[in-house]
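J.: In UniProt numbering, the protein residues as written are 1 to 102.
Once you've had a glance at the structure underneath, I'll fire off some questions.
Now the structure itself:
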């Protein structure tokens, strides 16, 4: 029985060093790679706006930095979310319009 608990303890010890904000930033990076593969600036802008909104709306208690956190404080996560919320619409409006069939 103890052999099955070791992987769970390992996962738990790794997750204690990170917070929800770090997971969201990792997911943002992966979704940016997926949007680049699609070559769609509008999809990229939509993802950026969504992640910015999620970071801004996430409670500060879930964003408390741990030992291995990427950013140093809750305010840095919130400000990064605001930057994403401001950059997303700019990317969306500067995206080329797709050709509409006539």
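Every residue gets a Cβ at the ideal spot worked out from N, C-alpha and C, and that includes glycine.
Would DSSP call residue 99 helix, strand or coil?
T.: Position 99 of the chain shown, counted from the first residue, corresponds to residue 99. For residue 99, the predicted model reports a pLDDT of 45, less than 50, meaning its position is unreliable and no value from the coordinates is stated.
J.: Exposed or buried, residue 84, counting other C-beta atoms within 10 Å across all chains shown (16 or more means buried)?
T.: Taking the chain shown and counting its residues from 1, one reaches residue 84 at position 84. Its Cβ being crowded by 16 or more others within 10 Å, residue 84 is buried.
J.: Quick one: using the 10 Å Cβ neighbour count with 16 as the cut-off for buried, is residue 17 buried or exposed?
T.: Residue numbering aside, residue 17 sits at position 17 when the chain shown is read from its first letter. So residue 17 ends up on the exposed side.
J.: Can you give me the Cβ contacts of residue 103 inside the same chain, cut-off strictly under 7 Å, excluding the 5 residues immediately before and after it?
T.: Only positions 1 to 102 of the chain appear in this structure, which leaves residue 103 out of reach.
J.: If you draw a straight line from the alpha carbon of residue 88 to that of residue 41, how long is it in whole angstroms?
T.: As a working mapping, residue 88 is identified with position 88 in the chain shown. As a working mapping, residue 41 is identified with position 41 in the chain shown. Approximately 10 Å between the Cα atoms of the pair.
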